[in-house]
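Trainee: Counting from 1, one number per residue, gives the positions in the sequence shown under my numbering.
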Amino acid sequence: MKANLKTSIGFVFLLLSACTVNGPGQNIEPVAVPVQKIPKVPPQADTESSQNPPLTALKNGRTLRLVRIMDGGSCKDNRQGAKGVFLLYAEPTDVERIKHEQGAKVFTGFEKRLETIASTALQEAINGINFDEDPFSLGEDDAQSKLSLQLSNFFRSAVASPLDSFSKTTTLTVDVVSFPPSFIFFREGCNAKLLQSEN
Numbered sequence: 001m002k003a004n005l006k007t008s009i010g011f012v013f014l015l016l017s018a019c020t021v022n023g024p025g026q027n028i029e030p031v032a033v034p035v036q037k038i039p040k041v042p043p044q045a046d047t048e049s050s051q052n053p054p055l056t057a058l059k060n061g062r063t064l065r066l067v068r069i070m071d072g073g074s075c076k077d078n079r080q081g082a083k084g085v086f087l088l089y090a091e092p093t094d095v096e097r098i099k100h101e102q103g104a105k106v107f108t109g110f111e112k113r114l115e116t117i118a119s120t121a122l123q124e125a126i127n128g129i130n131f132d133e134d135p136f137s138l139g140e141d142d143a144q145s146k147l148s149l150q151l152s153n154f155f156r157s158a159v160a161s162p163l164d165s166f167s168k169t170t171t172l173t174v175d176v177v178s179f180p181p182s183f184i185f186f187r188e189g190c191n192a193k194l195l196q197s198e199n
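(1) Once the 5 residues before and after residue 51 are set aside, which same chain residues still bring their CB inside 8 angstroms of it?
(2) I want to know whether the stretch 107-117 touches the stretch 129-142 - three or more CB-CB distances under 8 angstroms.
(3) What does a CB cutoff of less than 7 angstroms around residue 175 pick up in its chain, not counting 5 residues either side in sequence?
(4) Can you give me the C-alpha to C-alpha distance between residue 177 and residue 167, rounded to a whole angstrom?
(5) Following the continuous beta strand (DSSP E) through residue 90, name the residue where it begins and the one where it ends.
(6) Given a cut-off of 8 angstroms on the beta-carbon distance, is the pair residue 98 and residue 87 in contact?
(7) Look up residue 75 in the DSSP assignment and give the residues it is bridged to.
(8) For residue 128, which residues in the same chain have their Cβ closer than 7 angstroms to its Cβ, ignoring the five residues on either side in sequence?
(9) Please name the residue, chosen from 74, 152, 172, 61, that lies closest to residue 191 on a Cα-to-Cα basis.
(10) Could you say which of 179, 173, 187, 118 lies nearest to residue 61 if we only look at CA atoms?
(11) Checking the sheet assignment: what are the DSSP bridge partners for residue 62?
(12) With distances taken Cα to Cα, identify the nearest neighbour of residue 160 among 117, 183, 189.
Right, here's the structure in full:
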């Protein structure tokens, strides 16, 4: 039994040494293992999933900076409506140039015009939404996500042309985008006065 044990141990050592020693004519060269690079995430890629608004946005190849967060809400009728946050972005060099040329007070008028543009676009967007429960939704989160997507798309479409006109007349590059994580939808009892007081 002891002889068998010694033989077994010797055999194991022989196998181990065979695994670690290069045989004749074998040259081991280092193999380059490709390192996976982590892709850079574009600044706007996490807009919808993140709970914090992005500080920058791209428009026509220009980087705009977040300058204001606006609350907004509107009712489609006495039952249905929505409220949420909308982000105002502006091109920093345009802002500085206009401040230098026209003074900082000019931005008060700009803000009022942009608020009007955003609230009109929001009303148009809410009027276009189908608030009825989607029979194909996979639950409340899925239904909320679908409504958020509808509102974002309608708002984007409604705000595009007025913003272009604003930029042409003021020479200030701006963008107003919705922030879907902030949306709250009402299917019953939407009250415009209540929405305004909450905002």
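Beta carbons are placed, not taken as given, at the ideal position from N, Cα and C, and that holds for glycine.
Mentor: Well, looking at it:
(1) 181
(2) no
(3) 57, 59, 64, 89, 163
(4) 15 angstroms
(5) 81-90
(6) no
(7) 81
(8) 154
(9) 74
(10) 173
(11) 59
(12) 117
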